[in-house]
Structure formats: structure tokens, C-alpha cells
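To start, the structure itself, in C-alpha cells.
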Amino acid sequence: MTVNGKVVHYDANRGFGFLAPDAGGADVFLHINDIDIDENALKPGAKVAFDIEETDRGTKAVNVAVTESAPVDDAPAGRPHRRDSHDHGRPHGGDRDRDRDRDRSRKPRGGGTLDAASFTEEVTELLLDSSDDLTAAQIVAIRQRITDFAVARGWVLD
């Protein structure tokens with residue numbers, strides 16, 4: 063059965079991402095090996111049609127087709143992917159204490175509140191950057207709990 067949804071996140075460097083079904087429910091894992099389309103079209107917000115396949119590790123999207131391109135983003139063109147802009151050539155999982163100290167000393171960007179979709183994308187990036195050992199199911203569960211927490215406290219617009 064074909065499901066309609068949107069791209070939540072796709073990391074071309076790592077070859078996977080997540081799709082959100084329009085009908086709601088948990089996001090669905092997407093792996094580069096399961097698509098036969100130009101991965102450059104898998105931008106957040108792009109509308110897609112896909113089938114869901116159950117695996118021993120959870121659900122995954124197969125037979126993915128982009129039905130509508132992602133909306134044009136007002137952000138500066140060519141914004142570097144967070145992984146490219148923050149790893150400074152260090153291997154993943156490098157000196158986490160130094161990274162933590164740097165993050166604490168960094169002043170907050172902007173002053174506005176994010177909407178839930180933008181916040182979820184930011185949390186996804188942070189989780190992907192934090193550990194190579196997190197599974198797709200763990201990332202989905204963690205970011206959902208964090209987003210629910212932030213929305214409940216009014217930190218994120220619902």
C-alpha cells in the first residue's frame with residue numbers, strides 16, 4: 063500500500079533519512095540502498111509517495127517517489143550541512159568534552175522560537191552528530207520525546 067508523506071530529513075553523507083507519513087504516526091526510516099531516485103530531491107519538506115516495509119529493525123521506506131519538490135527555503139543558499147561545518151576534520155566521536163565546552167560557550171543563535179518541524183530537524187542533526195551507534199528507531203524515539211517536551215513547555219511552536 064502506497065503512503066504519502068514528506069521528507070523530514072535526509073543526510074546524503076550518511077545515506078539515510080526519515081519520512082513523515084501524512085496520516086501521522088512514527089517517522090519511517092529511509093536508506094540509500096532502498097531508493098532509485100536522485101537523492102538530491104530528498105530535501106526537507108519534499109512530498110513523497112512510498113511503501114512501508116517491516117524489517118527486524120523496524121519500518122523502512124521502499125519504492126520512494128518524489129511527488130512535489132521541497133518548498134523554496136529562505137535560508138542562505140548553500141548553507142553547509144551541519145556535519146560538514148562542525149566536525150573540523152576530526153573523526154566522529156572525537157573529543158566530546160572539548161565539543162561540549164565549545165557548545166556551552168557559544169551564544170544562542172537568533173532569538174526566535176522554532177516551529178516543531180524545524181526543531182525536530184535540528185534535534186535530528188544533533189543526534190546524528192552525537193553518536194554513530196544510534197539506530198534509526200532510537201533517533202526517532204529520542205527526538206519525539208524531546209520535541210514533545212519542548213512543545214509542552216512552550217519552547218517550540220506546535
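Position in the sequence shown counted from 1, then plus 62, gives you my numbering. Built from N, CA and C at the ideal position, the CB exists for glycine as well.
CB of residue i within 7 Å of CB of residue j, strictly
i, j, result
"H71", "E183", "yes"
"A88", "G67", "no"
"V126", "I97", "yes"
"V134", "A103", "no"
Residue environment, residue i, which counts as buried when at least 16 other CB atoms sit within 10 Å
i, result
"I99", "exposed"
"R205", "buried"
"T209", "buried"
"D136", "Residue placement at D136 is flagged as unreliable, the pLDDT there being 48, under the threshold of 50; a coordinate-derived value is accordingly withheld."
"A214", "exposed"
Cutoff 6 Å; reference residue i; Cβ partners in own chain excluding five residues on either side
i, result
"E115", "K122, V124"
"I201", "L189"
Boundaries of the beta strand (DSSP E) in which residue i is found, first to last residue
i, result
"D113", "109 to 117"
"T197", "Where T197 is concerned, there is no enclosing beta strand (DSSP E), given that its DSSP letter is neither H nor E."
Cutoff 7 Å; reference residue i; Cβ partners in own chain excluding five residues on either side
i, result
"F181", "T209, A212, V218"
Beta-carbon separation (whole angstroms), residue i vs residue j, contact threshold 8 Å
i, j, result
"A111", "A132", "In fact, because the Cβ distance is near 15 Å, the residues do not count as touching under 8 Å."
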